[in-house]
DNA sequence: TTCATGGTTCGACACTAACCGAAGCATTGG
DNA sequence: CCAATGCTTCGGTTAGTGTCGAACCATGAA
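Residue numbers (the UniProt record's numbering), protein chains in the order written: chain A, 1 to 227; chain B, 1 to 227.
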């Protein structure tokens, strides 16, 4: 009575601590090399190699060769979606929640979810775009309205310049911290990169945390007001 | 560099085939006994008992004793959400997709997702409610508008009678078949039950498939038109 | 060519956990 | 009271796999 696709193979892959660490590290959206991932996962290079080949085989991750390095990224945004969903569940049911460290607060405030903005600032942006009708839900299809397109252009982001036009422009993703939606998809990715080039935000090295500059926070708050 | 909650323990639990089968079976929303789940999973009663205690320990499932039976259900809707996300990923990346059996088509058309309506009919209902502004997105908070409340009352469903008012009334959930949102939460649960009492739908035993009666399909289409 | 670095493959070890048989509780029904 | 049913616990076997040392390939630099 197996109804629906087989879950267990994928779940088993995520189920190993080393591999889970690898995937979580890749949630930063950065392309990381095998050695970096090995140290992230706390295993030697050989075992990491074994894990990576398995993950790639199931296309949970994607590889890009470059010189004598191999750069790994998550296989798709769906993978990131599953990981965030799992984090939400773990945060809720995980009784033995590691007590919130200093970094945890920063994570809740602003972090990168694979390649877009998440955390309180992420949901703030999403909400602000929604109430001004720049972003609209159509069934499930989330799309940018014409006034939204003007707004984005006004921010200085060129929609045409966004890469890989085959994928969805807007997509919503819900995060484990405040259980609200934030903006993913090509636009979400583009906006995050744009904020970085504008100098509003800065990514804390070796983590998913995002720091706002003083000026950046002010401008962000002005650009994305809430009622 | 473990950022975020620990995923691997939960994923490992779902990663065992027997447990995955158990959880998938519970996606039907029905409360099942230990022996039923054992046969679903294809293991003996003893091993099933072991699995069930582990799942309950992690509160992925919930138990209710009744006489000399123990009835199991999923722990929360978040668990169902994770499972559906995993199914979506498995359907997409799983190269060795078992070719669609006869039941697969029925599953895509209408099935139960834990306790609410999913599949093509599920997304149709969702879309229809959205375009008529009976349901509205507010940031992430999905809520029923006043005209929506009238509509629901007109269908013959008493909102006050819905159980467990502590949980959310509306919630969206996206399914693995057509990658669109459908309605979950207390209202989604209530509507599914209502359709059943109206005789519009019938649940195929021992599966998650939902069958429409001829008359039921007609009335459903009329109640939830699409552009 | 020689060296160094990044990554893979092989083999062996150890540890976990899934599995079932058999016995043990608990509840219901006669 | 005894019998039957539903489930749990215990013990021992077995299979799988995560782990690392060591040797092996490939690329780039000196």
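Glycine is no exception: its CB is placed at the ideal position from the N, C-alpha and C atoms.
For residue 197 of chain A, is the classification buried or exposed, using 16 other Cβ atoms within 10 angstroms of its Cβ as the cut-off for buried?
-> Burial is judged here by how many other beta carbons sit within 10 angstroms of a residue's own beta carbon; residue 197 of chain A has fewer than 16 and is exposed.
Any chain B beta carbon closer than 8 angstroms to residue 156 of chain A | For residue 156 of chain A, the answer is no, since every Cβ of chain B falls outside 8 angstroms of its Cβ.
Length of the line joining the Cα atoms of residue 8 of chain A and residue 30 of chain A = In this structure, the alpha-carbon of residue 8 of chain A lies about 27 angstroms from that of residue 30 of chain A.
Could you work out which residue in B/138, B/36, B/67, B/15 is closest to residue 205 of chain B when comparing CA atoms only?
-> Minimum Cα distance to residue 205 of chain B is reached at B/36.
Local conformation of residue 181 of chain B per DSSP, three classes | Looking at residue 181 of chain B - three-state DSSP - the assignment turns out to be strand.
8 angstroms Cβ cutoff, residue 24 of chain A in contact with chain B = Output row for residue 24 of chain A: interface = yes.
Determine the closest residue to residue 119 of chain B out of B/16, B/192, B/170, with distance taken between C-alpha atoms.
-> Residue B/192 is the option with its Cα nearest to residue 119 of chain B.
Kindly examine the ligand FMN and report whether one of its heavy atoms sits closer than 7 angstroms to the Cβ of residue 37 of chain A.
-> With respect to the ligand FMN, the structure shown offers nothing to examine, as it has no ligands at all.
Buried or exposed by the 16-neighbour rule on C-beta atoms within 10 Å, applied to residue 99 of chain B = Because the pLDDT of residue 99 of chain B is 45, which lies under 50, any placement of that residue in the model is unreliable, and the question is left without a value.
Could you have a look at residue 172 of chain B and say whether DSSP puts it in helix, strand or coil?
-> Under the three-state reduction of DSSP output, residue 172 of chain B falls in the strand class.
Helix, strand or coil for residue 96 of chain B, going by three-state DSSP, please let me know.
-> The predicted model places residue 96 of chain B with a pLDDT of 39, which falls under 50 and marks its position as unreliable, so this point remains unresolved.
Classify residue 107 of chain B as buried or exposed, calling it buried when 16 or more other Cβ atoms lie within 10 Å of its own Cβ.
-> Per the 10 Å Cβ criterion, buried.
Could you check how far apart the C-beta atoms of residue 181 of chain B and residue 126 of chain B are, in whole angstroms? I think they sit under 8 angstroms.
-> The pair is a contact, with the Cβ atoms about 6 angstroms apart (cut-off 8 angstroms).
What residues match up with residue 33 of chain A in a beta bridge as DSSP calls it?
-> By DSSP's assignment, residue 33 of chain A forms a beta bridge with A/71.
Beta-carbon contacts of residue 13 of chain B that lie in its chain and below 8 angstroms, excluding the five residues immediately before and after | These residues qualify, in order along the chain: 19, 54, 55, 58, 60.
Option nearest residue 122 of chain A by Cα separation, candidates A/189, A/10, A/22 | Nearest C-alpha to residue 122 of chain A: A/189.
Counted within 10 angstroms of its Cβ, other Cβ atoms place residue 51 of chain B as buried (16 or more) or exposed | So residue 51 of chain B counts as buried.
Outcome for residue 128 of chain B when other beta-carbon atoms lying within 10 angstroms are tallied against a minimum of 16 = Buried, by the Cβ-count rule.
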